[in-house]
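Mind the numbering: the sequence shown is residues 976 to 1605 in the numbering used here, read in order. The beta carbon of each residue, even a glycine, is placed where N, CA and C say it ideally should be. These numbers come from a predicted model, not from an experiment.
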Amino acid sequence: MGLLDQIEYPDDLKKLDKPQLIQLADELREFIIDEVSANPGHFGASLGAVELTVALHYVYNTPYDRLIWDVGHQAYGHKILTGRKNRFHTNRKLGGISGFPNRSESEYDAFGVGHSSTSISAALGMAVSAQLRNEDDRHVIAVIGDGALTGGMAMEGLNNAGVQNANILVVVNDNDMAIDPNVGAFKEYLTDIATSRPYNKLKDEVWNMLGKFNRLGPTAQRLIQKVDNSIKSLLMKQSNFFEAINFRYFGPIDGHDVVHLVNVMNDLKDIPGPKVLHCITKKGKGFKQAELNAAEWHAPGKFDKNTGLKIKDDDGVPKPPKYQDVFGHTLLELARENEDIVGITPAMPAGSSLHIMMKEMPNRCFDVGIAEQHAVTFSAGLAAEQKTPFCNIYSTFMQRAYDQIVHDVALQKLPVVFCLDRGGLVGEDGATHHGAFDLAYLRSVPNMVVSAPMNETELRNLMFTAQNYKEGPFSIRYPRGRGVQVDWQQPMEALPVGKGRKVSDGKDIAVVSIGHPGNFVQQALVRLKTEQITPAHFDMRFLRPIDYDLLEEVFQGYKKIITVEDGTIVGGLGGALLEYAADHGHNAQIVRLGIPDKFIEHGKPDELYRICGFDPEGIADAVRDCAEIT
């Protein structure tokens, strides 16, 4: 029996001797490889944090001591060591455990995460709460990657923590990666620290002095801290950022030396106030292919754990492209003809497929790091100087920049093109990543164009249209995954802004859709045709400005209307039709299909569409129900 077989909770972990932790870390890494190779998930980040995870649970008294994981990509080892090992095969599956820390799932998940750069603020809140309750023995630890440190909220948290004097430890898991390689000045700063040979040569001696003087009282502690800071500043030829904002800085240390990590963390427990422990790790550690290509192995899908070869579901039949790739190739086409076009992404060049243009035109593409607010206002600045920015942000992450959309872009009528990837239900990443709200939250913003293509051709045409629209911001949202057209690279044409279309004629019932779910409507109509039920189908294409002429045709011709959207039914397309009916005195039965007014769990997209009732069969059922009502 291996060591991991004996571990159910951290209390079991604490029964091991420190040298045994090396074997445990190896077994934990192999367990993650075994599980994720067959049940896809976030791979490289969790492999890189194995030793950190073991050390943290060995040293600290979780869950009494609060452990917060930023983003959560790296938390698989944490889940396995905290009572979920036997359920880990259900990770990201419908009804199974979440792929991210989740407060409702375990008391060891101190804070629910999924978006970046939140850990320090949450940890500070918990540390101050402990301070107010006089819980001097409670430790609060935030584990944050160097990628997440590029987020403005992380800097806000550090700034405030530096003056609170609460007992908080920030562990910087420095692997030089977010999902793609890190960018920016702060990344360069951490690299300077990690590679400074003179500094690393003397830091252990300084550490030993700190340990000795720590036991001699506060005066000696202050003295040696000043010496420590002076040495760091002299050798680094710059002041230490963390020390400058009143954090005690320790490191960098090898984040894969589990015994040394344990020793250092035990020492840090005796040092009060805000502290930073800088750990150098390797994303994908222990799996050769993931170490060599961390971006590709962030979430690789199924693979052979022995050979590293990815297992592809390829039957040789041509398949439609992913919407993100249609965006990437189309943007490059447009940029070749329009020299004012620039591309912006917050740390997702590969995920958004902006890397396609970036490869050919690197000087016209900008990865701004995990900084959605900055991405939007940076785009606004570009637009103010007559550039045509295509700002690509996942729908769920665009929520983080809502104020900038309103005040910095829409209020000034700046022509920024927002391409919102992963609109709708994204699948296994679950509630933190579903793009449920963008249709509703953008629809309320004056001067904003809100659009959603039904297929790849419409995506290309909307992008072609948006580049020439100068009246204000123009948003185009599209889902995760493949479209419906194999032969999609057709010549582009401009579309009239704010105009929808009738897709198919029918009688008695009108189905009004927006975006990709229009294809589900078409599939439902094929099923209903055999039952002699023939509703009409209208594709609105634009939610703002909405096509009043088309709506009038719908309300004049049909008394039973079904709306279909892959966004929340609160304030989306269905809400727009209810408002129109109330404002114009129409009396019609309106049934809204979409994401209900609750957070939807993780599962395969088709499973989630079915649960929400707007898969083809759900739409067909809604039409049947309407047809039965006289």
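Item	Value
Nearest residue (CA-CA) to Glu1540, options Glu1080, Ala1030, Ile1594, Pro985	Ile1594
Cβ pair Tyr1129, Phe1222 closer than 9 angstroms	Correcting the residue type first, residue 1129 is Ala in the shown sequence and not Tyr. In this structure, Phe1222 does not lie closer than 9 angstroms to Ala1129 by Cβ.
Outcome for Ile1368 when other beta-carbon atoms lying within 10 angstroms are tallied against a minimum of 16	buried
Environment of Ile1143 [buried if 16+ CB atoms lie within 10 Å]	buried
Whole-angstrom distance between Cys1340 and Ala1346, CA atom to CA atom	15 angstroms
In chain order, each beta strand (DSSP E) run of at least 3 residues that lies wholly inside the stretch 1319 to 1366	1340 to 1342
Length of the line joining the Cα atoms of Phe1412 and Thr1543	6 angstroms
Nearest to Pro1448 (by Cα), restricted to the options Asp1383, His1330, Ile1008	Asp1383
Rounded straight-line distance, which links the Cα of Ser1354 to that of Trp1463	29 angstroms
Euclidean distance between Cα positions of Arg1108 and Ala1102	10 angstroms
Proximity winner among Thr1538, Arg1502, Phe1574, relative to Pro1591 (alpha-carbon distances)	Arg1502
First through last residue of the beta strand (DSSP E) which encompasses His1253	1250 to 1255
Proximal residues to His1017 (C-beta, below 6 angstroms), its chain only, five neighbours per side dropped	His1048, Ala1274
Leu1267 burial status per 10 Å Cβ neighbour count (16 or more: buried)	exposed
Alpha carbon of Ser1370 to alpha carbon of Phe1393, nearest angstrom	10 angstroms
Nearest to Tyr1584 (by Cα), restricted to the options Asp1596, Ala1117, Ile1570	Ile1570
Residue span of the beta strand (DSSP E) that contains Glu1540, given as start and end	1535 to 1543
Distance CB(Thr1256)-CB(Gly1230) smaller than 9 angstroms	yes
Where Asn1142 sits in the DSSP three-state scheme	coil
Between the CA atoms of Val1487 and Asp1524 - distance to the nearest angstrom	14 angstroms
Integer-rounded CB distance, given that Thr1505 should sit under 8 angstroms from Leu1470	Their Cβ separation, rounded to whole angstroms, is 33 angstroms, which puts Leu1470 and Thr1505 out of contact at 8 angstroms.
Presumed contact (8 angstroms Cβ cut-off) between Ser1096 and Gly1071, rounded CB distance	Rounded, the Cβ-Cβ distance is 29 angstroms, inconsistent with contact.
Pairwise C-alpha distance: Val1545 and Glu1576	18 angstroms
Minimum C-alpha distance to Ser1328 - residue among Phe1365, Val1239, Asp986	Phe1365
Buried versus exposed call for Met928 [16 or more other C-beta atoms within 10 Å across all chains shown]	Within the shown structure, residues of the chain are numbered from 976 to 1605, placing residue 928 beyond reach of any answer.
Asp1149 burial status per 10 Å Cβ neighbour count (16 or more: buried)	buried
Whether His1304 touches Gly1399 by CB criterion (9 angstroms)	no
Between the CA atoms of Leu1306 and Glu1335 - distance to the nearest angstrom	12 angstroms
Ile1508 vs Arg1599 beta-carbon contact at 9 angstroms	yes
Rounded C-alpha distance that separates Arg1418 from Asp1483	29 angstroms
Residues of its chain near Asp1619, where Cβ-Cβ distance is below 8 angstroms and the 5 sequence neighbours each way are ignored	No answer is possible for residue 1619: the residues shown for the chain start at 976 and end at 1605.
First and last residue of the uninterrupted alpha helix (DSSP H) at His1235	1233 to 1243
As assigned by DSSP and simplified to three states, the class of Pro1421	coil
Asn1036 to Glu1082 span [Cα, whole Å]	13 angstroms
Buried versus exposed, by CB contacts within 10 Å (16 or more), Pro1193	Because the pLDDT at Pro1193 is just 46, under 50, the model does not fix this residue reliably, and the point stays unresolved.
Closest Cα partner of Lys1068 within the set Gly1120, Arg1311, Pro1015	Pro1015
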